[in-house]
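Please read the structure below before turning to the comments.
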Amino acid sequence: MRGMLASADLDRFAGQFVWLELNYDKAENRGFLTKYGASSTPTFFIIDPKDGQVAATQTGAMSFAELTEFLDRGANGVLVESQTPADAALKRGDALLAQKPEEAVRAYRKALRLAPAKWPPRELAAASLTVALQDSHQLQECAETAATEAAAMNRDTMFGRTVVAGMWCLDMADPAPWSKTQGARLEPLAKEALSLPATVRDHRDELYRTLMYLSLAREDKAGAAKWGDLWLEELDAIKPANEEERSAVDIARVENIQVFGDPNRVLPALVASERAMPDSWNASLRVAQMESAAKNYDLAIAACDRGLARTPGPAGRSWLLQTKADALSQEGQTSEAHRALEESLEAARAIPSERSRESNIKRIEKNLGQESVR
Amino acid sequence: MQRSFLWVLLAIMPLSAVAGGATGLRLIQDDFPKARSQALQRKLPLFVECWAPW
Chain F
0 MRGMLASADL DRFAGQFVWL ELNYDKAENR GFLTKYGASS TPTFFIIDPK
50 DGQVAATQTG AMSFAELTEF LDRGANGVLV ESQTPADAAL KRGDALLAQK
100 PEEAVRAYRK ALRLAPAKWP PRELAAASLT VALQDSHQLQ ECAETAATEA
150 AAMNRDTMFG RTVVAGMWCL DMADPAPWSK TQGARLEPLA KEALSLPATV
200 RDHRDELYRT LMYLSLARED KAGAAKWGDL WLEELDAIKP ANEEERSAVD
250 IARVENIQVF GDPNRVLPAL VASERAMPDS WNASLRVAQM ESAAKNYDLA
300 IAACDRGLAR TPGPAGRSWL LQTKADALSQ EGQTSEAHRA LEESLEAARA
350 IPSERSRESN IKRIEKNLGQ ESVR
Chain X
0 MQRSFLWVLL AIMPLSAVAG GATGLRLIQD DFPKARSQAL QRKLPLFVEC
50 WAPW
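In order, the protein sequences belong to chains F and X.
Residue 214 in numbering that gives the first Met the number 0 sits at position 215 of the first sequence, and the numbers go up by one each step.
Residue 35 in numbering that gives the first Met the number 0 sits at position 36 of the second sequence, and the numbers go up by one each step.
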């Protein structure tokens with residue numbers, strides 16, 4: 000996404016906004032992240048500088064067309080004085096989505112209820128409603144809404160976004176009494192989304208991943224392997240244009256194997272990336288994760304140390320140290336593992352995002368507790 | 000005089016072309032107060048992308 004901002008294709012918007020990029024893992028961004036929240040990355044905001052209110056928000060990667068629509072919507076939200084009641088409710092939903100998703104659900108529902116016939120952002124409001132239902136853990140409603148709304152949508156990026164949210168709700172809830180019914184509705188839509196050229200890379204990755212999880216939930220390892228292979232073939236065919244794209248492909252490779260598969264299948268590509276991106280701690284982390292999965296714990300520990308030397312932010316440092324602690328523990332080096340966990344806890348306390356900070360601290364403290372029981 | 004003007008023009012043109020193509024948007028990095036203050040001053044909405052290296 001960051002590469003898209005650097006492209007000349009957005010020149011017509013250049014003088015219409017002030018443009019800001021915030022690294023989720025930099026201490027100086029803690030104030031912004033505390034005020035506005037961002038449960039996932041990337042997250043985009045259009046903010047009215049007069050009152051600091053969010054005029055539009057969007058989580059996850061966007062196609063170029065989606066990005067330009069988002070910019071138009073955001074500019075209208077800030078600059079246009081009178082809006083229709085449906086537009087105002089949509090804007091309110093966006094303002095609430097990152098921090099209060101359950102209230103965002105109500106606002107998006109209101110927008111859809113008030114929407115006049117042929118309201119242009121109808122599909123956007125439906126997609127955002129599904130995401131808000133997912134974020135507020137209303138999983139059954141999320142899956143049902145996604146299946147119903149997506150079936151009626153144009154087959155473009157909004158379709159992919161809606162199906163992805165529904166599939167995650169299905170996976171997060173599975174097994175639930177309603178899983179089978181909603182799975183039968185959503186799975187064909189997920190396959191259809193994968194067949195569409197409009198489905199953006201991030202959504203493709205999420206669709207493959209959720210299809211693998213669903214297969215495993217049915218104890219269908221062959222099905223999971225089939226989706227995993229298709230996904231890896233697609234990733235292997237990508238020629239990344241820059242380091243950001245290369246990192247994204249490598250992350251998808253690791254996520255694939257973490258669901259099901261042989262880590263040795265992806266390790267050569269990850270090792271090559273770590274060499275090619277000498278400043279990327281993330282590249283070292285991915286090697287460490289897969290070396291650990293392949294039970295090469297000494298190699299995993301060495302990769303963590305290389306990553307720590309690449310000056311990660313607090314979240315990156317904490318993640319590398321947790322991965323290292325796990326590998327040390329597997330090697331039977333319990334006191335070193337304990338020390339690494341304590342260092343990871345110290346790093347986690349400095350994570351700028353409140354939600355990420357709290358979940359990391361909770362996890363590490365639990366692991367430290369388990370360590371002391373042993 | 001004409002020659003030196005042409006030389007100056009040729010010397011400047013590639014630089015401005017590169018600047019326009021590679022940095023279509025003037026991105027502010029990791030400084031919300033500065034960006035908000037600029038937005039207020041210029042009466043423009045503020046676009047923010049929160050990204051992560053992972």
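Don't be surprised by glycine CBs; every beta carbon is placed ideally from N, CA and C.
Please read all numbers here as calculations on a predicted model, not as lab measurements.
Residue-chain proximity (residue i, chain X), Cβ-Cβ < 7 Å
i: F/F63; result: no
i: F/A326; result: no
i: F/W226; result: no
i: F/N28; result: yes
i: F/E205; result: no
i: F/I381; result: Here chain F covers residues 0 to 373 and nothing more, so residue 381 of chain F does not appear.
i: F/G59; result: no
i: F/N75; result: no
i: F/L9; result: yes
i: F/I363; result: no
i: F/V17; result: yes
i: F/L21; result: yes
i: F/I45; result: yes
i: F/L4; result: yes
i: F/V265; result: no
i: F/N255; result: no
i: F/A37; result: yes
i: F/P48; result: yes
i: F/A192; result: no
Neighbour flag for residue i against chain F, beta carbons, 7 Å
i: X/L45; result: yes
i: X/P13; result: Bear in mind that the predicted position of X/P13 carries a pLDDT of just 36, short of 50, making it unreliable; the figure below should be weighed with that in mind. Closer than 7 Å: no.
Bridge-paired residues (DSSP) for residue i
i: F/A55; result: F/I45
i: X/W50; result: F/N22
i: X/L45; result: F/V17 and F/I46
Residue interval of the beta strand (DSSP E) (run including residue i)
i: F/E20; result: V17 to N22
i: X/L26; result: L26 to Q28
Residue range of the unbroken alpha helix (DSSP H) whose run includes residue i
i: F/V104; result: P100 to L113
i: F/Q332; result: Unbroken run through F/Q332: none, as it is neither H nor E.
i: F/Q288; result: W280 to A292
i: F/W226; result: K220 to D235
i: F/K238; result: Note, F/K238: premise wrong, no alpha helix (DSSP H); not H, not E.
i: F/F31; result: R29 to Y35
i: F/D304; result: Y296 to L307
i: F/V270; result: L266 to A275
i: F/A216; result: R200 to A216
i: F/P187; result: S178 to L193
Pair within 7 Å by beta-carbon distance, residue i and residue j
i: F/G73; j: F/A55; result: yes
i: F/T156; j: F/V199; result: yes
i: F/L400; j: F/A146; result: Because residue 400 of chain F is not part of the residues shown, which for chain F are 0 to 373, the question remains open.
i: F/C303; j: F/T322; result: yes
i: F/A377; j: F/L229; result: As shown, chain F starts at 0 and ends at 373. That puts residue 377 of chain F outside it, with no answer to give.
i: F/T33; j: F/E345; result: no
i: F/W18; j: X/L39; result: no
i: F/G306; j: F/L327; result: no
i: F/T40; j: X/W50; result: yes
i: F/A164; j: F/Q137; result: no
i: F/D249; j: F/L231; result: no
i: F/A216; j: F/F259; result: no
i: F/A292; j: F/P267; result: no
i: F/W118; j: F/A85; result: yes
i: X/L43; j: F/F12; result: no
i: F/E20; j: X/E48; result: yes
Any non-hydrogen atom of the ligand NAP within 6 Å of residue i CB
i: F/M166; result: Looking for the ligand NAP in the displayed structure turns up nothing, as the structure carries no ligands at all.
Runs of alpha helix (DSSP H) wholly within the stretch 120 to 157 of chain F (minimum 4 residues, chain order)
121 to 134 and 138 to 150
Of all the alpha helix (DSSP H) runs that stay within the bounds of the stretch 59 to 104 of chain F, which reach a length of 4 or more residues?
63 to 78 and 84 to 96
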